[in-house]
Amino acid sequence: MAKIISLTHGKDLDGIASAAIVLRYASKIGKDFEVFFSEPQTLHDALTKLVHVLNKDVSEIVISDLGLNRRAELVQRSLLPDDAVAAKLALLARDADFWIFSNEISKKLSKIISYREVPLKNLVETLSKGTFWNNDLERKFKEVISKEKEVIDKCLETLETHIIKGFKVALVKGKIPAGEIAELLAKKGYDVIVVISPEGKVSLRRGNSRINLVPIAEKLNGGGHPFAAGGTLNYGWFDKFLAKNFGIYRKKEIVLKAISEVLP
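If you count by our numbering, then the sequence shown holds residues 23 to 286, one letter each, in order.
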């Protein structure tokens, strides 16, 4: 049977919802489905790994939420424009992707995805069937909440405050979903919040609506939205070793320099 491949971002609701819509589409037209997860910075590697499946009976590859301007909304409009479940998935994804969170479910799903509490392929299948929330997801969400404060408190111990051109910049180091700690620091008056992971990934969030994060992210080989963006410090193995084992995060001055060059 012909197969449809979904190559999508596996770290946020937009990417997961996109894959769920593709799976729903494949089921409706009687085709097999397989999902692969990637990130914008590793898209080339992911495409290279996909080469082997192209020799099989693959009818279509849908790339979504990987910096190619194809989010869940666009996937839904292209594949299932009249499907109510797909439309709801697209709305939930937009609510999370634009950091609106007017819907409680989008916020809960985003937390579960961020903390990897549910196997992503299982979540894609659940959402594709029109189940946006259930008792199992609620249980996982409560587990996230119970440990979230401990994770945030640990990362806050690494907090550095920098004043750049009159703007208050927070720099946090550690493995934590940026949105969670950014919400807290924005309330404390920070204009820009930076989270650097042990792998050298940089997450940017803003607490000041006048700031556009995209130019900063672009200087860090990344991209995103004005309110939420990301990039990379291109950590080598030794950088990762120092960060993971000794809490030494090198190259942070590159981020501060990028912010300084962009802020007015």
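Every residue, glycine too, gets a C-beta built ideally from N, C-alpha and C.
- Contact between residue 269 and residue 223 does not hold, since the beta-carbon distance rounds to 16 Å and is not under 8 Å.
- In the three-state DSSP reduction, residue 129 falls in the helix class (H, G or I).
- DSSP places residue 210 outside both helix and strand once states are collapsed to three, so it counts as coil.
- Excluding its 5 nearest sequence neighbours in each direction, residue 59 has C-beta neighbours in its own chain below 6 Å: 32, listed in chain order.
- A straight line joining the alpha-carbon of residue 53 with that of residue 97 spans about 17 Å.
- Setting aside the 5 residues that flank it on each side, residue 130 is surrounded in the same chain by 163, each with a C-beta closer than 6 Å to its C-beta; the list follows chain order.
- Considered as a whole, the segment 125-182 harbours 126-136, 142-150 and 157-178 as its complete alpha helix (DSSP H) runs of no fewer than 4 residues, in chain order.
- Secondary structure of residue 54 (DSSP, three-state): strand.
- Residue 115: member of the alpha helix (DSSP H) spanning 106-119, first to last residue.
- Take the alpha-carbon of residue 180 and the one of residue 239: they are about 22 Å apart.
- Boundaries of the alpha helix (DSSP H) around residue 69: 65-72.
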